[in-house]
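Chains as they are written, first to last, in the numbering used here: chain A, 26 to 364; chain B, 2 to 273.
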Amino acid sequence: MAQITLEDVSFRYPGATEDTLYGLDLQIENGEAHALLGASGAGKTTMLNLLSGLLSPTSGRLLFDGNDVSDLPGRERNVAQVFQFPVLYDSLTVAENLAFPLRTRGVATDMIDGQVAYICSELSLGKIRDTKPPSLSLFEKQLLAVGKALVRPDVSLVLLDEPLTAVEPKIKWKLRQTLLKVQKDLGVTMIYVTHDQTEALTFAERVSVLSAGGILQTGTPTEIYQSPANEFIGHFVGSPGMNFLPCSAVPSTTGDRIGFRPEWAALVDEGHVDGTVTRVRVYSTQDSKAHGLVTLMTPHGEVFVRGNAEFETGMKASVRIDRCVTFQGGNRVAEIAHV
Amino acid sequence: MVLIVAFSAVIPLMTVVNYSVQDILDFNTRFFVGFDWYRETLNDPRFIDAFWRQIGFSLTVIAIEIPLGIMVAKGIPKASRYTPLILILLALPLLIPWNVVATIWQMFARPDIGLLGVSINALGIDYNYTASPIQAWLTIVAMDVWHWTSLVALLSFAGLSAIPGPFYQAAELDGAGKWQVFRLIELPRLRGVLVIAVLLRLMDSFMIYTEPFVLTGGGPGNATTFLSQYLTTMAVGQFDLGPAAAFSVIYFLFILLFCWLFYTSVISRDET
């Protein structure tokens with residue numbers, strides 16, 4: 026386990042004309058569960074490869090517990106990684122797979138046995154410890170891959186590269202819960218790379234949003250959600266993302282646009298913006314009233330409002346904004362908790 | 002479809018089976034002899050000699066070509082701009098007609114004018130493949146290895162290229178050594194192509210005819226007379242159609258048997 030520090034790290038692929046990653050400054054605390062959230066092409070994989078030692082930064086420094094590891098290969102950085110699909114040794118049993126990273130490092134046999142038994146119980150792999158991967162389910166295989174990454178007690182950093190992509194949706198939740206549990210139990214520093222905001226926001230203590238090769242914002246899931254650093258994050262995080270309106274829509278003095286989450290608004294008779302209901306999605310009923318997401322077409326474009334869904338398409342309604350964030354030139358200026 | 006199969010395979014085969022149970026003096030005078038020819042062939046010391054020679058040859062070339070092919074494949078850079086060039090160069094021996102291969106080696110290995118023959122003699126080793134049975138053997142094996150290792154190498158290269166990068170990355174992070182990477186990642190994933198490579202080389206080497214025929218003519222003595230050459234001598238040279246047909250059926254059944262044995266042993270290992 027280690028504290029991970031990126032100091033002004035940039036990376037450019039040989040022969041490329043532009044940096045794939047630039048000016049990355051990030052500190053991840055020892056034992057922290059950190060998520061890297063970004064759309065495809067944002068530079069997530071490159072950043073992962075920089076951390077795992079497959080690539081070295083073009084400039085800047087990468088520190089593990091204060092030691093410069095920028096130019097060390099993966100095996101010397103003491104990093105483990107879980108990939109998008111289970112990467113295992115098919116000819117070895119579950120227990121042998123778990124023991125492998127310890128054996129190559131010459132760990133004593135009784136120590137290996139102890140660690141393997143510990144991981145088996147932590148991840149409930151005991152029943153299949155003598156099975157070989159080809160006869161395991163996808164869930165068990167990926168669980169084993171996680172176990173293999175966690176088996177070294179001294180591992181500096183565990184990287185998870187969209188580990189739930191290949192797993193079926195029903196199992197995803199289960200695997201994520203297991204991951205969360207072992208992360209807490211073992212207190213390892215984890216970096217979870219994903220394009221899925223739900224995974225990022227529910228897994229991590231802190232999230233870094235990556236876009237076009239730069240980190241746009243690092244913060245707790247609540248910070249990212251409640252006060253996005255810019256309009257891109259506001260739009261990218263949340264489903265649907267933030268609604269944006271010109272500042273003139275509400276009596277606000279700063280910025281040129283305001284953004285508000287669908288649940289920060291309500292549909293009333295006299296609100297800030299009028300529109301026509303174009304779509305109603307009911308998710309539940311509360312006090313025998315339909316609850317869900319209503320889409321309105323307003324003069325400023327589509328607006329999503331979460332809450333009372335007792336509407337039909339074509340009806341007129343008005344949006345009352347209770348809370349918002351103001352932006353100037355795309356960047357956050359202020360938060361207004363009570364409009 | 003059934004008709005095509007019948008015309009292409011079954012009917013000619015039936016002709017051979019038909020011949021194999023008859024004594025044919027000329028095309029109008031023939032007698033049914035039952036399994037006499039089979040019995041005679043299986044007891045023919047020249048057949049038995051050629052058979053063991055054949056087994057020895059097939060096992061030798063497979064034992065050399067498979068590991069060598071894998072080593073060559075591992076030496077090919079995966080994503081260099083020279084990769085296509087290397088692959089084309091490797092494929093060249095496979096494109097040369099078999100009798101030309103043999104002619105090339107006949108020249109190449111001649112002790113008086115061939116580059117190989119002269120070089121070996123210059124090293125002080127008395128080399129003349131037309132006189133020494135061992136040297137004739139070594140020359141034929143060397144020729145086959147030159148001719149066919151490329152096939153194994155190309156198949157293995159295709160197999161290696163299909164291994165996803167994360168497997169190598171994981172092995173690096175696990176601290177695996179080169180041998181462990183080969184044994185735990187590459188070899189298991191090469192299994193499929195290697196089974197095909199062994200099958201192809203087993204069948205092909207068991208049927209080898211042109212190369213030893215042109216290079217050594219089966220000599221010196223019968224030292225390099227393999228099954229197919231003995232069969233040809235019988236059928237075309239001596240026109241013993243009955244025994245030759247029986248020989249052909251036995252020959253065919255052996256190839257079938259070996260391939261089946263190899264294949265089922267591989268499959269049964271997969272299931273355990």
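Beta carbons: idealized from backbone N, C-alpha and C, even for Gly.
Do you know offhand how far His148 of chain B's Cα is from Gly238 of chain B's?
-> Inter-residue distance for His148 of chain B and Gly238 of chain B is about 28 Å (C-alpha atoms, whole angstroms).
For Ser229 of chain B, does the three-state DSSP call read helix, strand or coil?
-> Here Ser229 of chain B carries a helix assignment [DSSP, helix/strand/coil].
Unbroken beta strand (DSSP E) run spanning Gly326 of chain A, endpoints = 326-333
In angstroms with no decimal places, state the Cα-to-Cα distance between Phe58 of chain B and Phe168 of chain B.
-> 37 Å
Could you tell me whether the Cβ of Arg130 of chain A comes closer than 8 Å to any Cβ of chain B?
-> Answer yes: the Cβ-Cβ gap between Arg130 of chain A and chain B drops below 8 Å somewhere.
Of all Cβ atoms in chain A, is any one closer than 8 Å to the Cβ of Glu66 of chain B?
-> no
Would you mind reading off the limits of the alpha helix (DSSP H) that contains Ser157 of chain B?
-> First-last of the alpha helix (DSSP H) with Ser157 of chain B: 134-162.
Could you name the residues of chain A that Pro189 of chain B contacts, counting a contact when the two beta carbons are closer than 9 Å?
-> Tyr114, Asp115, Ser116
Determine the contact status of His297 of chain A and Ala334 of chain A, defining contact as a CB-CB distance below 8 Å.
-> Taking 8 Å as the cut-off, the beta carbon of His297 of chain A is found no closer than this to the beta carbon of Ala334 of chain A.
Check whether the Cβ of Phe168 of chain B lies closer than 8 Å to any Cβ atom in chain A.
-> yes
Within 8 Å (strictly less), CB to CB, does Pro126 of chain A reach chain B?
-> yes
How would you label Tyr130 of chain B, buried or exposed, when you count the other beta carbons within 10 angstroms and need 16 or more for buried?
-> Tyr130 of chain B is classed as buried because its beta carbon has at least 16 other beta carbons within 10 Å across all chains shown.
Cutoff 8 Å: Gly99 of chain A Cβ touching any chain B Cβ | yes
Does DSSP classify Asp138 of chain A as helix, strand or coil?
-> The DSSP-derived three-state label of Asp138 of chain A is helix.
Answer with yes or no whether the minimum CB distance from Ala105 of chain A to chain B is below 8 Å.
-> So, interface residue.
Could you tell me if Trp106 of chain B is buried or exposed, where buried requires 16 or more neighbouring beta carbons within 10 angstroms of its beta carbon?
-> buried
Secondary structure of Ile97 of chain B, DSSP reduced to three states | Reduced to three states, the DSSP call for Ile97 of chain B is coil.
Give the DSSP-derived three-state secondary structure of Gly317 of chain A in the structure shown.
-> strand
What are the boundary residues of the beta strand (DSSP E) that Pro82 of chain A is part of?
-> Unbroken run through Pro82 of chain A: none, as it is neither H nor E.
For Gln274 of chain B, count neighbouring C-beta atoms within 10 Å of its own C-beta (all shown protein chains included) and say buried if the count is 16 or more, exposed if not.
-> Here chain B comprises residues numbered 2 to 273, so residue 274 of chain B is not present and cannot be evaluated.
Starting from the C-beta of Lys79 of chain B, find all residues in its chain whose C-beta is less than 7 Å away, skip the five residues before and the five after it, and write them out in chain order.
-> Excluding sequence neighbours, Lys79 of chain B sits near Ser162.
Would you report the Cα separation of Gly284 of chain A and Asp179 of chain A, rounded to the nearest angstrom?
-> 45 Å
Consider the Cβ of Ala113 of chain B: report whether some Cβ of chain A lies at a distance smaller than 8 Å.
-> At residue 113 of chain B the sequence reads Asp, which differs from the Ala that was named. No, no contact with chain A.
Which value, in whole angstroms, describes the spacing of the CA atoms of Val234 of chain A and Ala60 of chain A?
-> 8 Å
Contiguous beta strand (DSSP E) assignments of at least 3 residues, all confined to the segment 239-302 of chain A = 239-244, 268-271, 282-285, 290-293
Could you tell me which chain A residues have their CB closer than 7 Å to the CB of Leu174 of chain B, listed as they occur along the chain?
-> Per Cβ cutoff of 7 Å: Ser77, Gly99, Arg100, Val104, Ala105, Gln106.
Establish whether the CB of Leu203 of chain B and some CB of chain A are separated by less than 8 Å.
-> For Leu203 of chain B, the closest Cβ of chain A is not nearer than 8 Å.
What residues from chain A crowd round Leu185 of chain B, counting only those whose CB sits closer than 9 Å?
-> Here the neighbours are Tyr114, Asp115, Ser116, Leu117, Phe125.
Contacting residues, own chain, Cβ-Cβ under 7 Å from Leu188 of chain B (five flanking each side not counted) = none
From Lys47 of chain A to Leu241 of chain A, what distance separates their C-alpha atoms?
-> The amino acid at residue 47 of chain A is misidentified as Lys; the sequence shows Tyr. Rounded to the nearest angstrom, the two C-alpha atoms are 11 Å apart.
Please classify Thr30 of chain A: does DSSP put it in a helix, a strand, or coil?
-> strand
Answer yes or no: does any C-beta atom of chain A fall closer than 8 Å to that of Phe103 of chain B?
-> The identity of residue 103 of chain B in the sequence shown is Ala, whereas the question assumes Phe. Chain A contact via Cβ: absent.
Looking at C-beta atoms only, is the number of pairs between the segment 122-134 of chain A and the segment 63-71 of chain A that lie closer than 8 Å three or more?
-> no
Run the CB neighbour count on Met144 of chain B, radius 10 Å, all protein chains shown included, and call it buried at 16 or more, exposed below.
-> buried
CA-CA distance, Ile153 of chain A and Arg192 of chain B?
-> 25 Å
Can you find at least 3 beta carbon pairs, one from the segment 190-205 of chain A and one from the segment 89-105 of chain A, that sit closer than 8 Å?
-> no
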